[in-house]
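In what follows, a structure is listed as structure tokens, so that the remarks can point back to it.
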Amino acid sequence: MANILAIGIATLDIINTVEFYPDEDSEQRAISQQQTRGGNATNTLTVLSQLGHQCSWGGVLIDEPDSQIIQRDLENNHIDFAACKRLADGKMPTSYITLNQQTGSRTIVHHRDCPEFSFEDFTQIDLSQFDWVHFEGRNVVETKLMLLHLKQHHPALPCSLEIEKPRPDIESLFDLPTLLLFSQHYAISQGFTDASSLLSSLSTNIIATCAWGNAGAWAIDQHTKLFHSPAFAPKQVIDTLGAGDTFNAGLIDKLVNNTELEQALTYACQLAGHKCGQVGFANLSHTFEA
Ligand code: ADP
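Note that our numbering gives residue 779 to position 65 of the sequence shown, counting from 1, and the numbers run on in steps of one.
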């Protein structure tokens, strides 16, 4: 069991499951609707908590009705949110998600009126209690200060950084964390057509992974050795929302316990593939073990 802190956002996800993806300017009735807590960092913590880790979230909570759904879910998942910044005004980030039942694909429209968790907020956290810190790659200026703070004051504390989307100057963070977690979306946005080309383009000594949907994932170690794991398809792909967050949790779970990168990569793909066979994250670790 490790103590793991993640910095990022929690969202309200309103998920409409539809028979097929709608045409523009058409009308369709959803098969079902679900309202859950989402957000990359808190999704990853949900899975890590199920895997037996003590999890804490650092982010922003706004005092509005949707925040209650989010807080209840964090409590149910034993995620501590004492480190959060609390604000009276604004709107929790909300994702309106269309989940296509035929393919499991998810299309997201996002709205927020919520400031980012700042470096100043981060410095209020007692970091000495943690074994791993995970960051969502957003808010580049403040995240850089946090990563530099870790490097200077807690050099032995491992940390991971998720690079999901291109953002101005995000590349300036690449040398700072212990582990970089790239998405296919980021790789394609930079003109790469496969994960290994992105990983091979990084400067040496960077340990990184790049997940690539149903093609599995690739990793590069500090000796610039490349590894690949295939995806592990579930019987039926039901819900790919949060596959990347589950993959990240699987990697952190293994690496915090000093497992080799290649084994950690395979395990992360197995766990993420298993997640794709069910809706959401409930009981993920139990059904996976079974
Ligand atoms: P994201 O959720 O960020 O879009 P990906 O789609 O790249 O992330 O998925 C992350 C990991 O989840 C992949 O590396 C793979 O192991 C697993 N995965 C994703 N889609 C599937 C699928 N259709 N079948 C099996 N595994 C999948």
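C-beta atoms are modelled at their ideal positions from N, C-alpha and C, and glycine is treated no differently. Given the structure is predicted, the values throughout are model-derived calculations rather than measurements.
{"Item": "Span separating the alpha-carbon of Ile921 from that of Ala720", "Value": "19 Å"}
{"Item": "Coil, strand or helix - Ile902 by DSSP", "Value": "helix"}
{"Item": "Cβ-heavy atom distance, Glu850 to ligand 1, below 8 Å", "Value": "no"}
{"Item": "Among Asn757, Ser809, Thr758 and Glu738, nearest to Gln748 - alpha-carbon criterion", "Value": "Ser809"}
{"Item": "Assigned secondary structure, Ile972 (DSSP; H/G/I helix, E/B strand, else coil)", "Value": "First, the amino acid is wrong: residue 972 is Asn here, not Ile. In this structure, Asn972 counts as coil in the three-state DSSP scheme."}
{"Item": "Limits of the alpha helix (DSSP H) - the one that Phe734 falls within", "Value": "No alpha helix (DSSP H) holds Phe734; DSSP gives it neither H nor E."}
{"Item": "Phe961 CB to nearest heavy atom of ligand 1 below 8 Å", "Value": "yes"}
{"Item": "Backbone CA spacing between Leu998 and Trp846 [nearest angstrom]", "Value": "22 Å"}
{"Item": "Asp727 (DSSP reduced to helix, strand or coil)", "Value": "strand"}
{"Item": "Inter-stretch contact at 8 Å, needing at least 3 Cβ pairs: the stretch 864–876 / the stretch 884–891", "Value": "yes"}
{"Item": "contact_flag[the stretch 926–941, the stretch 813–833] where n(CB pairs < 8 Å) is 3 or more", "Value": "no"}
{"Item": "For Gln748: DSSP bridge partner residues", "Value": "Ile729"}
{"Item": "Selection from Gln984, Leu759, Ile934 and Ser842 that minimises the alpha carbon distance to Asn919", "Value": "Ile934"}
{"Item": "Ser685 - DSSP class collapsed to helix/strand/coil", "Value": "Because the chain is modelled from 715 through 1004, residue 685 falls outside the range shown and cannot be assessed."}
{"Item": "Residue range of the unbroken alpha helix (DSSP H) whose run includes Phe1002", "Value": "Leu998 to Glu1003"}
{"Item": "Ala978 beta carbon less than 9 Å from that of Gly964", "Value": "yes"}
{"Item": "Opening and closing residue of the beta strand (DSSP E) in which Asp827 lies", "Value": "Arg820 to Asp827"}
{"Item": "Backbone CA spacing between Gln815 and Val732 [nearest angstrom]", "Value": "6 Å"}
{"Item": "Ligand 1 heavy atom lying under 8 Å from the CB of Gln904", "Value": "no"}
{"Item": "heavy atom of ligand 2 below 8 Å from Val732 C-beta", "Value": "Absent from the structure shown: ligand 2. Ligands present: ligand 1."}
{"Item": "Whole beta strand (DSSP E) elements within the stretch 859–910, 3-residue minimum", "Value": "873–877 and 893–896"}
{"Item": "Exposed unless 16 or more other CB atoms sit within 10 angstroms - verdict on Asn962", "Value": "buried"}
{"Item": "Distance CB(Pro948)-CB(His899) smaller than 9 Å", "Value": "no"}
{"Item": "Nearest residue (CA-CA) to Pro882, options Glu856, Ser770 and Cys798", "Value": "Glu856"}
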